[in-house]
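Heads up: the structure comes next, in structure tokens.
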Amino acid sequence: MIDKKPNLAHFDTWRQWKQGGSREAKQTLIETYLPLVEYVSGRLAIGLPKNVSKEDLGSFGIMGLIDAVEKFDYERGLQFETYASWRIRGAIIDGLRQGDWVPRSVREKAKKIEEAYQKLEQKYLRTVTDEEISDYLQVTEDEFQHMLQEIAVTSICSIDEPIREEESETRLSLLVDERAKNPEFTVNEFYLKETLARAIEKLTEKERIVVSLFYFEELSLSEIAEVMSLSPSRISQLHSKAMLRLRGVLSRYKVQLFEK
Numbered sequence: 001m002i003d004k005k006p007n008l009a010h011f012d013t014w015r016q017w018k019q020g021g022s023r024e025a026k027q028t029l030i031e032t033y034l035p036l037v038e039y040v041s042g043r044l045a046i047g048l049p050k051n052v053s054k055e056d057l058g059s060f061g062i063m064g065l066i067d068a069v070e071k072f073d074y075e076r077g078l079q080f081e082t083y084a085s086w087r088i089r090g091a092i093i094d095g096l097r098q099g100d101w102v103p104r105s106v107r108e109k110a111k112k113i114e115e116a117y118q119k120l121e122q123k124y125l126r127t128v129t130d131e132e133i134s135d136y137l138q139v140t141e142d143e144f145q146h147m148l149q150e151i152a153v154t155s156i157c158s159i160d161e162p163i164r165e166e167e168s169e170t171r172l173s174l175l176v177d178e179r180a181k182n183p184e185f186t187v188n189e190f191y192l193k194e195t196l197a198r199a200i201e202k203l204t205e206k207e208r209i210v211v212s213l214f215y216f217e218e219l220s221l222s223e224i225a226e227v228m229s230l231s232p233s234r235i236s237q238l239h240s241k242a243m244l245r246l247r248g249v250l251s252r253y254k255v256q257l258f259e260k
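For the sequence shown, position 72 matches number 72 in the UniProt record's numbering, and the numbering has no gaps at all.
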């Protein structure tokens with residue numbers, strides 16, 4: 001039988017670290033993938049308050065990178081860059097949350113808007129307007145837009161956040177590709193993708209464009225503003241609304257999946 005080597009960059013270094021326990025190999029891997037920390041932290045820094053330093057983001061990110069190097073299974077032939085990016089992102093967001101960088105009042109506003117989208121869109125079975133959300137929240141449309149601007153920095157979601165507060169299972173556990181998926185996992189994964197696809201279709205045209213350019217084309221919010229000929233603050237609002245709509249859909253999915 002031919003022993004095929006997984007298609008993975010720096011395979012020999014991975015083998016030295018994972019099989020031989022070489023600390024030098026581990027350090028080499030960390031140094032090799034350090035640019036990932038700068039890339040991920042740079043994207044997350046967009047729109048964050050000025051009191052959040054890039055040095056803090058980098059420190060959190062390095063911890064995520066180290067964790068990724070320690071936990072990655074190099075023999076499965078997966079792309080380490082993708083896995084590490086998620087781990088780095090999760091570590092940065094978790095580090096920020098532990099530092100309580102978002103005021104409680106802002107989090108409460110985000111929760112109220114998310115619940116408003118969830119209830120109204122479930123009631124009307126369509127995309128609701130800013131006017132309808134404002135009426136539901138009993139605020140003016142200008143006040144609603146200001147709320148969106150305030151909560152723009154809270155629309156980041158950590159995959160290391162527990163699905164339910166009292167349990168340790170995280171969103172990451174839904175994404176990790178185990179060696180063999182059981183039928184229930186496959187059905188749930190398919191349903192989640194279908195749910196997200198339908199949710200994205202219900203976004204407004206501008207919201208879909210922002211989501212596509214930010215998450216798939218990997219443009220910054222300022223770059224998206226140039227593409228769409230809108231102000232960065234307007235792009236930030238569109239991004240916030242899109243994330244709140246999608247969170248509402250995922251909240252319903254979570255209840256259906258985990259409360260049965």
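Every residue gets a Cβ at the ideal spot worked out from N, C-alpha and C, and that includes glycine.
- Gln27 and Gly95 have their C-alpha atoms some 23 Å from each other.
- Between Gly61 and Ile88, the CB-CB gap stays under 7 Å.
- Relative to the Cα of Ala68, the nearest Cα in the group Tyr83, Arg76 and Gln79 belongs to Tyr83.
- A contact between stretches requires three or more CB pairs, one per stretch, nearer than 8 Å, and the region 197-209 meets this requirement with the region 235-247.
- Per DSSP, reduced to three states, the secondary structure at Ser231 is coil, with no helix or strand assignment.
- When secondary structure is reduced to three states using DSSP, Tyr215 falls in the helix class.
- At a Cβ-Cβ threshold of 7 Å, Ala199 and Leu246 count as neighbours.
- By the neighbour-count criterion, in which 16 or more other beta carbons inside 10 Å mark a residue as buried, Arg234 falls on the buried side.
- Annotation note: the region 6-68 contains no uninterrupted beta strand (DSSP E) run of length 3 or greater.
- In this structure, the beta-carbon distance from Leu221 to Ser231 does not fall below 7 Å.
- With contacts defined by Cβ atoms closer than 7 Å, Gly248 and Glu114 form a contacting pair.
- Within a 10 Å sphere around the beta-carbon of Lys54 sit fewer than 16 other beta-carbons, which makes this residue exposed.
- Between Leu78 and Val37, the gap from beta carbon to beta carbon reaches 7 Å or more.
- If you draw a straight line from the Cα of Val227 to the Cα of Val211, it is about 13 Å long.
- CA-to-CA, the gap between Tyr215 and Ala152 works out to about 16 Å.
- Bounds of the alpha helix (DSSP H) holding Gln118 are Arg104 to Tyr124.
- Between Leu29 and Thr13 the beta-carbon gap is near 6 Å, inside 8 Å, which marks them as a contact.
- A straight line joining the alpha-carbon of Ser134 with that of Lys119 spans about 13 Å.
- Within the model, the alpha-carbon separation for Phe80 versus Val106 is close to 35 Å.
- Here the alpha carbons of Ala116 and Gln19 stand approximately 52 Å from one another.
- A straight-line Cα-Cα distance of about 15 Å links Glu131 and Lys112.
- For Ala45, the CB contacts under 8 Å within the same chain, skipping 5 residues up- and downstream, are Val52, Lys54 and Leu57 in chain order.
- Taking the Cα positions, Leu213 is about 13 Å away from Arg43.
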